[in-house]
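Just so you know, the protein sequences line up as chains A and B, in that order. Residues 1 to 231 in the working numbering are what the first sequence lists, from first letter to last. Residues 232 to 462 in the working numbering are what the second sequence lists, from first letter to last. Where is the CB? At the ideal position from N, CA and C, for every residue including glycine.
Number of protein chains: 2
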Amino acid sequence: MEIKLPTFDSVFSIDCVIFGFEAGELKILLIERNEEPFKDWLALPGYIVEQDESIDDAAERILYELTGLRDMHMQQFHTFGEVNRHPQGRVITVAYYALIRINGQKELRPITQYARKAFWHPVNELPKLAFDHSEIFKTAFNKIRRRLHYQPIAFELLPEKFTLTQLQSLYEAVENKKLDKRNFRKKMLSYGFLKELDEKQKGVSYRAAKLYKFDRRKYAKIFHNDMNIDK
Amino acid sequence: MEIKLPTFDSVFSIDCVIFGFEAGELKILLIERNEEPFKDWLALPGYIVEQDESIDDAAERILYELTGLRDMHMQQFHTFGEVNRHPQGRVITVAYYALIRINGQKELRPITQYARKAFWHPVNELPKLAFDHSEIFKTAFNKIRRRLHYQPIAFELLPEKFTLTQLQSLYEAVENKKLDKRNFRKKMLSYGFLKELDEKQKGVSYRAAKLYKFDRRKYAKIFHNDMNIDK
DNA sequence: TTTAATGGTGTAATTTTCACACACTATCTT
DNA sequence: AAGATAGTGTGTGAAAATTACACCATTAAA
């Protein structure tokens with residue numbers, strides 16, 4: 001049986017690619033759609049922008065309604081405007097990404113009925129997603145892979161207190177290659193924006209590692225206006 | 232006398248920031264508006280996207296209609312979606328940039344009546360522009376300033392055959408600082424994607440400089456996967 | 001006490017970046 | 001034809017950054 005769907009004219013929407021890091025793996029947030037078209041498919045959290053909200057506000061609201069996550073600091077990264085990207089009409093979508101700490105997040109629970117559930121999925125072996133969301137994801141992943149090198153985005157994915165090994169394994173996951181431990185540490189510490197804490201890791205069954213914190217103020221001082229241009 | 236204007240609901244538009252390089256100066260293309268709102272103001276070339284064209288296609292078409300320029304290779308760089316950025320209604324605009332060779336361009340002549348004329352204006356000392364176009368320009372300028380370092384965009388601004396001094400002065404204009412001639416040449420040539428021609432500059436009243444060409448094929452070979460990561 | 005697992009550390013070789021100055025050549029002027 | 005002008009073209013040494021590389025230390029569990 002074919003389902004008859006309403007059509008509409010020009011609509012803006014927002015789609016969100018939310019990255020998290022857990023168990024040495026990079027993950028993104030997906031929802032299971034509970035609405036046609038693409039009912040039951042997996043998709044990026046996304047919905048339609050209202051008349052009286054800026055697109056940045058819309059992004060925050062939509063992510064909240066679909067996943068229960070709030071106060072995310074999202075960055076717009078690309079707008080997708082092919083004519084037939086949405087089967088019901090002309091929908092141009094502005095895509096945002098965010099990087100967040102998975103641990104310490106409350107349970108994910110959609111507020112609206114448009115999503116049946118929301119969950120984390122490793123970026124390797126993603127299934128086919130609704131609409132052009134696979135392409136949107138790919139674009140986002142390329143962006144953050146590059147930005148990792150000249151913006152302090154790694155620290156948004158890690159817990160507030162982290163070990164150098166955790167930091168390194170995040171870089172390794174994003175770049176998909178092994179790095180030398182001594183050189184990595186030497187370089188990271190040489191920047192001078194990591195604050196060594198008195199605390200150590202707890203509950204591990206091996207030598208506990210020192211914990212560090214990212215010092216945003218020092219970072220800003222060091223790379224003031226101009227983050228390092230070609231690093 | 233106040234002019235009564237129609238209002239509208241959600242509309243997408245495109246705005247273009249077209250950079251060119253001439254006489255050692257970086258310039259952008261502006262139009263003089265011939266339509267309310269902001270009649271008689273200077274603005275970036277921009278207009279409304281049609282239902283049945285992708286935003287990339289719309290960008291090409293709109294630029295052509297307002298300036299007579301065609302087949303530009305434009306890159307989307309940001310979408311501006313504040314609620315009140317347009318006085319007549321909700322307009323979200325996708326901004327594109329392009330880099331072109333000013334010389335060798337035909338005269339600029341708007342096709343539609345929405346622009347009275349189109350012309351090049353140095354990026355230093357820009358006047359206040361219509362809508363939020365000053366902000367759009369600023370965002371574009373920051374983007375290309377950064378991209379100059381990891382994408383071969385300089386060669387789109389120069390004539391096909393150029394001297395190393397011209398190339399250097401372009402970098403100096405964008406970065407707004409002097410570079411060392413010897414180091415600049417050494418580094419540029421070391422990349423191996425500049426092809427030295429047998430020709431020399433003509434018509435200059437001093438020792439003529441060698442001409443070079445950008446070898447796109449060699450460039451692609453050298454920086455294979457890595458060059459166009461976010462194109 | 002042994003084992004398993006990870007934390008933590010330094011040095012030398014190589015490569016890259018940077019600072020720096022002067023002679024050459026084509027044209028124009030007188 | 002001599003000189004002025006204006007931009008072209010070239011090399012070296014010092015400093016900084018990057019890379020390659022291996023072993024002992026600490027903790028908890030067995």
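Minimum Cβ-Cβ distance from residue i to chain B less than 8 angstroms
i, result
"residue 11 of chain A", "yes"
"residue 132 of chain A", "no"
"residue 55 of chain A", "yes"
"residue 135 of chain A", "no"
"residue 32 of chain A", "no"
"residue 278 of chain A", "Because chain A here runs from 1 to 231, residue 278 of chain A falls outside it and cannot be looked at."
"residue 203 of chain A", "no"
"residue 123 of chain A", "no"
"residue 82 of chain A", "yes"
"residue 230 of chain A", "Its pLDDT being 29, under 50, residue 230 of chain A is placed unreliably by the model, and the measurement read from it follows with that caveat. Chain B, which has a Cβ nearer than 8 angstroms to the Cβ of residue 230 of chain A, makes this yes."
Residues near residue i by beta carbon distance below 6 angstroms, same chain, minus five either side
i, result
"residue 458 of chain B", "For residue 458 of chain B, the pLDDT reaches just 35, beneath the cut-off of 50, and the residue's location in the model is therefore unreliable, although a value from the coordinates is still provided. Taken in chain order, the list of residues that qualify is empty."
"residue 155 of chain A", "214"
"residue 74 of chain A", "59, 96 and 98"
"residue 11 of chain A", "48 and 91"
"residue 109 of chain A", "68"
"residue 255 of chain B", "400"
"residue 79 of chain A", "94"
"residue 272 of chain B", "264 and 361"
"residue 206 of chain A", "none"
Own chain residues within Cβ distance below 7 angstroms of residue i, not counting five before or after
i, result
"residue 316 of chain B", "322, 362 and 363"
"residue 352 of chain B", "258, 259 and 261"
"residue 359 of chain B", "365"
"residue 229 of chain A", "Note on residue 229 of chain A: pLDDT 28, under 50, position unreliable in the model; no value is reported."
"residue 70 of chain A", "64"
C-beta contact flag for residue i and residue j at 8 angstroms
i, j, result
"residue 123 of chain A", "residue 26 of chain A", "yes"
"residue 232 of chain A", "residue 209 of chain A", "Nothing about residue 232 of chain A can be read from this structure; chain A reaches only from 1 to 231."
"residue 326 of chain B", "residue 248 of chain B", "yes"
"residue 375 of chain B", "residue 250 of chain B", "yes"
"residue 332 of chain B", "residue 401 of chain B", "no"
"residue 83 of chain A", "residue 284 of chain B", "yes"
"residue 286 of chain B", "residue 342 of chain B", "no"
"residue 265 of chain B", "residue 345 of chain B", "yes"
"residue 308 of chain B", "residue 404 of chain B", "no"
"residue 193 of chain A", "residue 222 of chain A", "yes"
Residue-level contact to chain A via CB, residue i, 8 angstroms cutoff
i, result
"residue 405 of chain B", "no"
"residue 309 of chain B", "yes"
"residue 248 of chain B", "no"
Cut-off 8 angstroms between Cβ atoms - residues of its own chain near residue i, not counting five sequence neighbours on either side
i, result
"residue 103 of chain A", "22 and 159"
"residue 338 of chain B", "299"
"residue 218 of chain A", "192, 193 and 195"
Three or more C-beta pairs under 8 angstroms: does that hold for the region 184–196 of chain A against the region 41–60 of chain A? Contact check between the region 184–196 of chain A and the region 41–60 of chain A: fewer than three CB pairs, one atom from each, fall below 8 angstroms, which does not count as touching.
Give the residues from the region 88–99 of chain A that approach chain B closer than 8 angstroms (Cβ to any Cβ), ordered along the chain. Along the region 88–99 of chain A, the positions whose C-beta sits under 8 angstroms from a C-beta of chain B are 90, 92 and 94, read in chain order.
Relative to chain B, which residues along the region 34–53 of chain A have a C-beta separation below 9 angstroms, given in chain order? The region 34–53 of chain A vs chain B, Cβ under 9 angstroms: 49, 51, 52 and 53.
Determine which residues of the region 417–428 of chain B have a Cβ less than 7 angstroms from any Cβ of chain A, and write them out in chain order. Taking 7 angstroms as the Cβ-Cβ cut-off, the region 417–428 of chain B has no residue approaching chain A.
I'd like to know if the region 156–167 of chain A and the region 212–225 of chain A are in contact, where contact means that at least 3 CB-CB pairs between them fall below 8 angstroms. These segments touch.
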